[in-house]
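Here's the structure, in structure tokens; my notes come after.
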Amino acid sequence: MNMSRREFLQMLAVASASGFNLTACDSSSQGKQGAVAKATGVKSLKIPSDMYEVPAFGNVSLIHYTDCHGQLLPIYFREPNVNIGIAGMKGKPPHLVGESFLKKYGMKNNTIDAHAFTYLNFTEAAKKYGKVGGFSHLATLIKSIRASRPGSLLLDGGDTWGGGSGTAVWTNAQDMVDAQKLLGVDVMTGHWEFTYGANRVKEIIENDFAGQIDFVAQNIVDKEFEEQVFKPYTIKEVNGVPVAIIGQAFPYTPIANPRYMVPNWSFGIRDENMQEMVNKARGEGAQVVVVLSHNGMDVDLKMASRVTGIDAIMGGHTHDAIPQPVQVSNPGGKTLVINSGSNAKFLSVLDFDVKAGKVRDFRFKMLPIFSDLIEPDATMVKYIDQVRDQDVTYNGTSFNMKKKLEEKLAVAGDLLYRRGNFNGTFDQLICDALIDVQDAEISFSPGFRWGVSVLPGQDITFEHVMTQTGLTYPVVTRNEMTGEYIKTILEDVGDNIFNTDPYYQQGGDMVRVGGLKFAISPTEKIGNRITDMELNGKPISPGKKYVVAGWASVAQPLEGKPIWDLVSEYLRDQKTVVKISDFNEPKIKGLGPNPGVEMYKG
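Have a look at this one:
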């Protein structure tokens, strides 16, 4: 039976009043129950088993969100149907999608949890359950949780200032900086933050964040003197317990993003230094040590197996929403590895019971943020309205941000989304636009994980385009490349995703490709993964040159048309419903059955 969103909300209220258990995903080491905290501001609050009630436990509480990518408003966001794990990661979190994910975590299809954590029946479920995220709704939930957890720490895992936001680009990240302060963030680390340039990052940390938010990163040093650029960690006292938060920024920022934006900083994983920081923090009296990471989950899992003395790694970067911590054994004991999704769609709560200087037990709960079920925080609503409805000047042009973002460009004839290892329908639209407007044979679009979803029949607005393209190096390109060079690019990106050693996984998802057809063998080595390259039914010639359009070049600063103007121009010219006529997914070879792939035509 299909239900409308109104019918669903009515059903939810009746079910709650009848005592039906509408719990979010939670886990603990032993399964004990604590006192139930009333979740103020939650619309569905009826009984103690309410979806947003989190039982109080222990004496140290950490609240975590990550990778919100500048999304201040509620959105739709489809989880991937392709997230391949190879070698030792095959079939293990986070490389589970759809039905395999539900089976792993004991969820049923066609439920609110299934919609939160998987792509299954996305369009129908999105219409039923409504949008997710939104900083005003996030603020309400954080306030509710903190009310029952005195001294709790709010941790921001980075990718907050942008990568997918028009207002962030046009205000030079100020919109998100002020939102973080209003939200009550205590500690953060970074990745896309660095694409505003070293000077802007330092300016924000030294001025806006002073006395309120600690920016920590143990793995960034000055190239000349090898000195820490930022505080490696901070120690906060929570209910009399010293808690160390060590920062781990994205280790491959100068590879995945323009090096010229942070020319004097050296990044890296820096395991040995991490161990030194853990030991130092313990030596200074820390009874709990947590790493606030932007490594990506596979890298976090490996780090947890190598570095001892860490109680938990609360991570981000790969946008994985994992409803239970993964417990990783190492020579010093066990470390919890947690990843909290993206786009302000999830909020994680980790409670520790600390006695006699050690963590004795824990509880964990990951809360999906369904905007229709949570009252928006009035103060945050007012702030967001004000920050969006202001006049700005960008690249010499003045405009009102709200008016610009609300422009209707076209109507979506298909579900438009991004997330997945190889392609998304919104990426295909961008690739088609590049070929059309740039008069190219082939197009490349970066494999970014950020970008919201648009339901069939929805207006595609300028804001939707900015969620897919909003960054600080947006210029489109048109170049000639040989077939051999094109293969080299695809091989290099493929190795960043499918290298069997997580420490060599240095980027996002696979570059999106328009025009060119190819096959990929994830289990092969670099140089042998990409085969069967064709253009218009003819094999690609290694020595022949092809016209290739792209954007977001990391090589050098460029001047020219930003990608959002090109895509918007393309959409305006359609003058009708926009449908994806040829969804270009590479053929997957040699993989065999894999719980990280579902509903894939290749």
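Under the numbering used here, the first residue of the sequence shown is numbered 1211, with each subsequent residue one higher.
We put the beta carbon where it would ideally sit given N, CA and C, even for glycine.
Keep in mind the model is a prediction, meaning the values are calculated, not measured.
Cβ-based neighbour list, residue i, same chain, cut-off 7 Å, excluding 5 preceding and 5 following
i, result
"Pro-1666", "Thr-1333, Ala-1622, Gly-1623, Asp-1624, Leu-1625"
"Tyr-1674", "What sits at residue 1674 in the sequence shown is His, not Tyr. Answer for His-1674: Val-1662, Val-1664, listed in chain order."
"Asn-1331", "Asn-1320"
"Ala-1326", "Pro-1578"
"Pro-1284", "Lys-1341, Val-1342, Gly-1343, Gly-1344, His-1347, Ser-1581"
"Tyr-1470", "Gln-1766, Pro-1767"
"Lys-1754", "Thr-1692, Gly-1693"
"Gly-1812", "Glu-1795, Pro-1796, Lys-1797, Ile-1798"
Residue i and residue j closer than 9 Å at C-beta
i, j, result
"Lys-1527", "Asn-1553", "This sequence places His at residue 1527; Lys is not what is there. No."
"Leu-1577", "Phe-1562", "no"
"His-1274", "Leu-1502", "yes"
"Val-1703", "Ile-1773", "no"
"Gly-1301", "Pro-1805", "yes"
"Ile-1736", "Asp-1705", "yes"
"Pro-1468", "Ala-1765", "yes"
"Gly-1725", "Leu-1745", "yes"
"Lys-1797", "Phe-1728", "yes"
"Val-1307", "Thr-1328", "yes"
"Asn-1794", "Val-1723", "yes"
"Ile-1523", "Ser-1346", "no"
"Phe-1425", "Met-1398", "yes"
"Ser-1655", "Val-1721", "yes"
"Ile-1465", "Gln-1716", "yes"
"Asp-1792", "Gln-1596", "no"
"Arg-1659", "Gly-1718", "yes"
Cβ neighbours of residue i in the same chain (closer than 6 Å, five flanking residues each side left out)
i, result
"Thr-1518", "Asn-1540, Pro-1541, Gly-1542"
"Gly-1634", "Tyr-1627, Arg-1628"
"Asp-1159", "The structure shown does not extend to residue 1159, since the chain is modelled only from 1211 to 1812, so the question has no answer here."
"Gly-1244", "Legend: pLDDT at Gly-1244 = 33, less than 50; position of this residue unreliable, no value from coordinates given."
"Thr-1733", "Ile-1296, Gly-1800"
"Gly-1551", "Ala-1531"
"Gln-1678", "Phe-1636, Gly-1661"
"Lys-1748", "none"
"Gly-1394", "Leu-1364"
"Arg-1570", "Asp-1563"
"Gln-1497", "Val-1451, Pro-1452, Val-1564, Gly-1567"
"Lys-1441", "Val-1426"
"Leu-1644", "Ser-1653, Ala-1759"
"Val-1509", "Pro-1712"
"Trp-1179", "Here the chain has residues from 1211 to 1812 only, and residue 1179 is not among them."
Nearest-angstrom Cβ-Cβ length linking residue i and residue j, presumed shorter than 8 Å
i, j, result
"Asp-1587", "Tyr-1780", "Not a contact, Cβ separation roughly 38 Å."
"Gly-1280", "Leu-1681", "The Cβ separation is near 10 Å, so there is no contact."
"Gly-1760", "Ser-1653", "7 Å"
"Leu-1364", "Asp-1396", "5 Å"
"Leu-1560", "Leu-1272", "5 Å"
"Ala-1514", "Ala-1491", "With 8 Å as the limit, Ala-1514 and Ala-1491 do not qualify as a contact, their Cβ atoms being about 16 Å apart."
"Val-1758", "Asn-1689", "6 Å"
"Met-1611", "Arg-1598", "6 Å"
"Ile-1520", "Val-1499", "5 Å"
"Val-1387", "Asp-1418", "5 Å"
"Gln-1422", "Lys-1391", "6 Å"
"Thr-1370", "Cys-1278", "5 Å"
"Gln-1537", "Phe-1574", "With 8 Å as the limit, Gln-1537 and Phe-1574 do not qualify as a contact, their Cβ atoms being about 11 Å apart."
Beta-bridge pairing of residue i - partner residues as DSSP gives them
i, result
"Asp-1162", "Residue 1162 lies beyond the range of the chain shown here (1211 to 1812); nothing can be said about it."
"Ala-1759", "Ser-1653, Arg-1688"
"Asn-1540", "Gly-1543"
"Ala-1729", "Thr-1741, Lys-1797"
"Met-1524", "Leu-1502, Ile-1548"
"Arg-1722", "Ser-1655"
"Tyr-1286", "Ser-1663"
"Pro-1578", "Phe-1556"
"Glu-1447", "Pro-1452"
"Thr-1603", "Ser-1608"
"Pro-1303", "Partner(s): none; Pro-1303 has no beta bridge."
"Gly-1770", "DSSP, once it has assigned bridges, lists no residue as partnering Gly-1770."
"Tyr-1275", "Asp-1366"
Neighbourhood of residue i by C-beta, 8 Å cutoff - its chain only, sequence neighbours within 5 removed
i, result
"Thr-1671", "Leu-1615, Glu-1616, Glu-1617, Lys-1618, Leu-1619"
"Ser-1751", "Gly-1693"
"Thr-1786", "Ala-1620, Val-1621"
"Met-1676", "Gly-1374, Ser-1375, Gly-1376, Val-1379, Leu-1615, Trp-1774"
"Tyr-1286", "Ala-1336, Lys-1341, Val-1342, Val-1662, Ser-1663, Val-1664, Leu-1665"
"Asn-1291", "Val-1307, Gly-1308, Tyr-1329, Gly-1630, Val-1807, Glu-1808, Met-1809, Tyr-1810"
Cβ-heavy atom distance, residue i to the ligand COA, below 8 Å
i, result
"Thr-1328", "Judged by which ligands are present, the structure shown has none, so any question about the ligand COA falls away."
* To do: Evaluate contact between the region 1474-1489 and the region 1754-1771, counting only Cβ atoms and requiring at least three cross-stretch pairs below 8 Å.
  => no
* Contact between the region 1420-1432 and the region 1451-1465 (3+ Cβ pairs under 8 Å) -> yes
* To do: Specify whether the region 1564-1571 and the region 1307-1322 touch according to this definition: at least 3 beta carbon pairs, one from each stretch, less than 8 Å apart.
  => no
* **Three-pair Cβ contact test at 8 Å for the region 1568-1585 versus the region 1335-1346** => yes
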